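*Asks:* Numbering (my numbering), first residue to last: 10 to 280. In this text, a Cβ means the ideal position worked out from N, Cα and C, and glycines have one as well. Note that this is a predicted model, so its numbers are computed, not measured.
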């Protein structure tokens, strides 16, 4: 027999736990010339404009049952955008049981849970290497909630909302809440890895590793795409326009960039 939210833990007043998810995605592109870099940056600014990012965050808010209170958005010069959204909750009693289960979360815009004292933010960082032929786009998304529900339910949707070569994810539960007998609870759900919230078909596409500090309720996961088509990384021409030597060189440069981001350090390039 499954338990209702009220039967799980009889809390004193309301749930004071803060749950924060930080999701960083990286998109890598080969841009040989200055003109290609300009066109790539223009494409990124259009594809991930403040308006489109606002729509993504609205979808996340709708999916997790949050009510949007305020939106601040900004497109920057020469590139980049930011959106900050303040949200509030509806009654937790109205959330279906699936909202309290450990699972990846949906892609459709379905109301699943309710949040309190929460915010969702996204910031973008397009940039290029001044020496090499590689341009990189990074988006940082933070979903912070207070109460019964984990923001990890939004992770599946966020992964599908961005073109991602490398992902880093951090999840942390802070503070404590009390039951009616005054006993503290420093976490209110079972979790041993962020990977629990990523569907198998996504995990099969990525190399992944965890760094978790269980006693501090801190969870970290990194992901790097296993295989890719070089055509997806060319800007303005196709793989068939390149010689085999050029294809190999570009592939090495893309893989090198992805490896440095994934391992978080500068690496010597293989020759």
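(1) Tell me which same chain residues have a C-beta within less than 8 Å of the C-beta of residue 96, skipping the five on either side of it?
(2) Assess, as a yes-or-no matter, whether the stretch 208 to 223 is touched by the stretch 148 to 155 under the definition of 3 or more beta carbon pairs within less than 8 Å.
(3) Spatial neighbours of residue 93 within its chain, please: C-beta separation below 7 Å, excluding the five flanking residues on both sides.
(4) Is the beta carbon of residue 163 less than 9 Å from the beta carbon of residue 73?
(5) Find the nearest neighbour of residue 135 within the set 88, 266, 271, judged by alpha-carbon distance.
(6) Ignoring anything shorter than 3 residues or poking outside the stretch 225 to 269, list the beta strand (DSSP E) runs there in chain order.
(7) What are the partner residues of residue 174, as DSSP defines its beta bridges?
(8) Roughly how many angstroms separate the alpha carbons of residue 221 and residue 49, rounded to a whole number?
(9) Pull up the CB-CB distance for residue 8 and residue 39, whole angstroms please, since I reckon it's below 8 Å.
(10) Output the residue ranges of the beta strand (DSSP E) runs that lie fully inside the stretch 165 to 217 and measure 3 residues or longer, sorted by chain position.
(11) Let me check one thing: in DSSP terms, what residues is residue 52 bridge-paired to?
(12) By DSSP's criteria, residue 1 is part of a beta bridge. Which residues make up the other side?
(13) How many whole angstroms separate the CB atoms of residue 90 and residue 137, which I take to be in contact at a CB cut-off of 8 Å?
(14) In whole angstroms, give me the CA-to-CA distance for residue 269 and residue 233.
(15) What do you reckon, are the CB atoms on residue 160 and residue 28 nearer than 9 Å?
(16) Leaving out five residues on either side along the sequence, give the residues of the same chain with a beta carbon under 6 Å from the beta carbon of residue 34.
(17) Measuring only the C-alpha atoms, how far is residue 116 from residue 59?
(18) Pick out whichever of 191, 193, 217 has its Cα sitting closest to the Cα of residue 202.
(19) Report all residues from its chain with a CB closer than 7 Å to the CB of residue 41; omit the five preceding and five following residues, and keep chain order.
(20) Looking at the unbroken alpha helix (DSSP H) that takes in residue 60, where does it start and where does it end?
(21) On the three-state DSSP scale, how would you describe residue 75?
(22) Grab the span of the beta strand (DSSP E) containing residue 5 for me, first residue to last.
*Replies:* Inspection of the coordinates gives the following:
(1) Within the chain shown, the letter at position 87 stands for residue 96. These residues qualify, in order along the chain: 70, 75, 76, 77, 78, 124, 127, 128, 129.
(2) no
(3) By one-based count along the chain shown, residue 93 stands at place 84. For residue 93, where only same-chain residues beyond five positions count, the Cβ hits under 7 Å are 81, 128, 130.
(4) Position 154 of the chain shown, counted from the first residue, corresponds to residue 163. Position 64 of the chain shown, counted from the first residue, corresponds to residue 73. Yes. Within cutoff.
(5) Along the chain shown, one-based indexing puts residue 135 at 126. Closest option to residue 135, Cα to Cα, is 88.
(6) 227 to 234
(7) Taking the chain shown and counting its residues from 1, the one referred to as residue 174 is at position 165. None, per the DSSP bridge assignment.
(8) As a position in the chain shown, residue 221 is number 212, starting the count at 1. As a position in the chain shown, residue 49 is number 40, starting the count at 1. Computed Cα separation, rounded: 36 Å.
(9) In the structure displayed, the chain extends from 10 to 280; residue 8 sits before or after that span and is not available.
(10) 175 to 183
(11) Within the chain shown, residue 52 is the residue found at index 43, counting from 1. Partner(s): none; residue 52 has no beta bridge.
(12) As displayed, the chain neither begins before 10 nor continues past 280, which places residue 1 out of reach and without an answer.
(13) For the purposes of this step, residue 90 is identified with residue 81 of the chain shown, where counting begins at 1. For the purposes of this step, residue 137 is identified with residue 128 of the chain shown, where counting begins at 1. Actually they do not touch by this definition, with Cβ atoms about 17 Å apart.
(14) The count along the chain shown starts at 1 and reaches residue 269 at position 260. The count along the chain shown starts at 1 and reaches residue 233 at position 224. Their backbone Cα atoms lie some 11 Å apart in a straight line.
(15) Taking the first residue of the chain shown as position 1, residue 160 is located at position 151. Taking the first residue of the chain shown as position 1, residue 28 is located at position 19. Yes.
(16) Mapped onto the chain shown, residue 34 falls at position 25. Hits under 6 Å: 148, 171, 173, 176.
(17) Here the question's residue 116 lines up with position 107 in the chain shown. Here the question's residue 59 lines up with position 50 in the chain shown. Its pLDDT being 40, under 50, residue 116 is placed unreliably in this model, and the value from its coordinates should be taken loosely. Between residue 116 and residue 59, the C-alpha separation is close to 21 Å.
(18) Counting from one through the chain shown, the residue named residue 202 turns up at place 193. Residue 202 has its Cα closest to that of 217, out of 191, 193, 217.
(19) Within the chain shown, the letter at position 32 stands for residue 41. Taken in chain order, the residues that qualify are 142.
(20) Locating residue 60 in the chain shown gives position 51, where the first residue counts as 1. From DSSP, the alpha helix (DSSP H) with residue 60 extends over 59 to 72.
(21) As a working note, residue 75 is residue 66 in the chain shown. The answer is coil: DSSP assigns residue 75 none of H, G, I, E or B.
(22) Nothing about residue 5 can be read from this structure; the chain reaches only from 10 to 280.
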